[in-house]
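Taking it in order: structure first as structure tokens, then the write-up.
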Amino acid sequence: MPEPAPTRIASTSASAPPVALTVNGVPLTVAPGTTVAAAVCIAGAHARTSVSGEPRGPLCGMGICFECRVTVDGTPHRRGCQVLCAPGMDVRTS
Amino acid sequence: MSAHFDLVVVGAGPAGIAAAIAAARAGRSVALVDDNPAPGGQIWRHGAHLPAAARKWLVELQASSVVPFYGWRVIDHPAARLIRAESGADCTDLQYDRLILATGARERFLPFPGWTLPNVLGAGGLDAMVRGGLPIAGKRVVVAGTGPLLFAVAGHLAARGAKILAICEQAQLGHLASFARCLLSDPAKLFQGAGYMLAARGARLHTGCWPVAAAGTTQLESVTLCQGSRKWTVACDYLACGFHLAPNTELAQLLGCRTAYGFVVTDDLQRTSVTDVFCAGEPTGIGGVELALIEGQIAGLAAAGKLRDAQSLVPRRQRKLGFVAALRESCTLNPSLRNLADEDTIVCRCEDVRHAALRGRASWRDAKLHTRCGMGPCQGRICGVATEFLFAWHADSVRPPVLPAMVSSLASPGPTRNQPASLSAETAISAHSKETP
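Top to bottom, those sequences are chains A and B.
Start counting the first sequence at 922; every next residue gets the next number (my numbering).
Start counting the second sequence at 2; every next residue gets the next number (my numbering).
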């Protein structure tokens, strides 16, 4: 379990510029270190449509459930929670 | 591609980090593999507010000779002393003399009407999303399920500006009281607990309480809670709901490690039933970060041949085992939770298999064959844990690949099986940095 009295870990991305990408073709700018799954939520999109037609979003946030899978730069089935946003990235939901 | 290391550690959470550092200090070449883009596991997520102790470990890891394979997921064990990992479109084989499994745990989810709606997440799941950049300030959040993770998550989300409307713990107050007595014997943990309670101030704690339904059109709009005979509905933006943890034992099972009661069996020095395969942390029993760090050090030292040093840490491990038992006791699920799902409730989210289709099935295998339950990309990691509680089914086998993999990875001839390593550690790092910009 984590402890109180948190310290902010030095992060190389702390002073990095925002990241511009597109989600379903719509431009979006996010803070560095943002996951693709979070970006999809910020864009107001659902990650995928289930086999019976339900909209789905992330569940586990840690690469287990596959609910946040999206197409990243043409590669399908990427787990959005385990991919960090990168400049110019093209994210597509289904 | 392939590479050889004295030691390969799978999982870069506290146990894996401690193991890798201990073995590297002992002069061994060590690879540390994790499917996340950065080390820390779920509990020490990169970029988040971290306790000083976590920061110390991560800084030490970075300064060590440990070769990182972050963003690489282990998919197979195609030959003796060899694991295969995939990252994006790349695939590599890692040869080892000894292997340490520190694969951690996942949340246990129980199906209830509406649990598949977007914005219903795990407790740790929402926490991870927020640490990954999801804005939470001003959002109304109900935290529910069971276990100390609920308080940790509520505290962290409140600190980020979320409005925690309620914390619903399925256990009765009496169960929690015995857990609290265990905390009293461990002041460090007591202070952690107190910190979370303060951070989540304003949140109402309900015991013997759980969600019975989530509602919304295209995403969550409200959740209905029950406590005894009382039911009420709360409008909210997120439901963070997880029923404690389940160990990630798939890779251990694929390797043939003996398990008991769902956990990997080890000896005092974290050795599994398979020669030269060690296991540390949550897969051997849910015990939290402090125990994971001790077990990781024991495994790393033992795998590096420093048996006396490893042995010297065993008493510290033994002292933490009372916490494991108390945690298990306090998180015992109320049998009423088996009635949460109605016949239309989806149990297998990958294949949209509903509860009605699963009732009357004889076993996990029977359910898989007839309904496709557990046959989707998560390979039953979510619904298998749920059906174990709902129907007392047990997954009877694990087959390769342990995660969905590219055909090209499976078809790879595995050049390292009988040949010397052809990929230097340096090449391995550059392959990694391609994946994580």
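Ideal Cβ positions, reconstructed from N, Cα and C, are used throughout, including at glycine.
Taking the CA atoms as reference points, residue 991 of chain A sits about 12 Å from residue 962 of chain A. The Cβ of residue 122 of chain B sits closer than 7 Å to at least one Cβ of chain A.
Taking 7 Å as the threshold, the shortest C-beta distance from residue 949 of chain A to chain B does not fall below it.
Interface residue (Cβ-Cβ distance to chain A less than 7 Å): residue 219 of chain B is classified as such. Taking 8 Å as the Cβ-Cβ cut-off, the stretch 373-395 of chain B approaches chain A at 377, 378, 379, 382 and 383, given in chain order. Taking 7 Å as the cut-off, the beta carbon of residue 410 of chain B is found closer than this to the beta carbon of residue 92 of chain B. For a Cβ distance threshold of 8 Å, nothing in chain A lies close to residue 263 of chain B: the least Cβ distance comes to about 16 Å.
Put simply, the CB of residue 972 of chain A is near chain B, with a gap under 7 Å to one of its CB atoms. A check of alpha carbon separations from residue 140 of chain B across B/167, B/370, B/331 and B/247 identifies B/167 as the nearest. Contact annotation for residue 956 of chain A against chain B: 133 and 134 [CB-CB distance below 7 Å, chain order]. For residue 980 of chain A, a Cβ of chain B is located within less than 7 Å of the residue's own Cβ. In chain order, 15 and 19 place their CB closer than 6 Å to the CB of residue 294 of chain B, counting only its own chain and leaving out the 5 sequence neighbours on each side. Against residue 995 of chain A, chain B offers no close residue; the least beta-carbon distance is about 11 Å (beta-carbon pairs closer than 8 Å).
Listed along chain A, the residues sitting closer than 9 Å to residue 110 of chain B by beta-carbon distance are 980, 981 and 986. Taken through DSSP and simplified to helix, strand or coil, residue 1012 of chain A comes out as strand. Interface with chain B (7 Å Cβ-Cβ cutoff): residue 959 of chain A is included. The Cβ atoms of residue 341 of chain B and residue 74 of chain B do not sit closer than 7 Å to each other.
In this structure the stretch 130-147 of chain B lies against the stretch 156-171 of chain B, because at least three pairs of beta carbons, one per stretch, are closer than 8 Å. Among the bridge pairs identified by DSSP, residue 233 of chain B is matched with B/226. At least one CB of chain B lies nearer than 7 Å to the CB of residue 976 of chain A. In the three-state reduction of the DSSP assignment, residue 164 of chain B falls in the strand class. Rounded to whole angstroms, the gap between the alpha carbons of residue 994 of chain A and residue 945 of chain A is 11 Å.
Taking residue 128 of chain B as reference, the option from B/117, B/145, B/118 and B/112 with the minimal CA-CA separation is B/145. In this model, residue 122 of chain B and residue 307 of chain B are separated by some 43 Å (Cα to Cα). Contact check for residue 150 of chain B and residue 125 of chain B: beta-carbon distance about 6 Å, within the 8 Å limit, so the pair qualifies. Between residue 7 of chain B and residue 62 of chain B, the alpha-carbon positions lie close to 17 Å from each other. If the five residues before and after residue 222 of chain B are omitted, its C-beta is found closer than 7 Å to the C-beta atoms of 216 and 236, all from its own chain and listed in chain order.
Per the Cβ contact rule, the stretch 369-386 of chain B is in contact with the stretch 339-354 of chain B (3 or more Cβ pairs under 8 Å). Runs of alpha helix (DSSP H) with 4 or more residues, each lying fully within the stretch 305-387 of chain B, are found at 308-331, 356-359 and 365-372, listed in chain order. Annotated three-state conformation of residue 26 of chain B is helix, per DSSP. When secondary structure is reduced to three states using DSSP, residue 996 of chain A falls in the strand class.
Distance from residue 21 of chain B to residue 33 of chain B at the Cβ level is roughly 5 Å; contact confirmed, criterion being Cβ atoms closer than 8 Å. Using a CB distance below 7 Å, the part of the stretch 143-175 of chain B facing chain A consists of 149 and 153, ordered along the chain.
Beta-bridge pairing by DSSP links residue 73 of chain B to no other residue.
DSSP places residue 53 of chain B inside the alpha helix (DSSP H), whose first and last residues are 53-64. Considering only beta carbons, the part of the stretch 332-357 of chain B lying closer than 7 Å to chain A consists of 350, 351, 352 and 353, in chain order.
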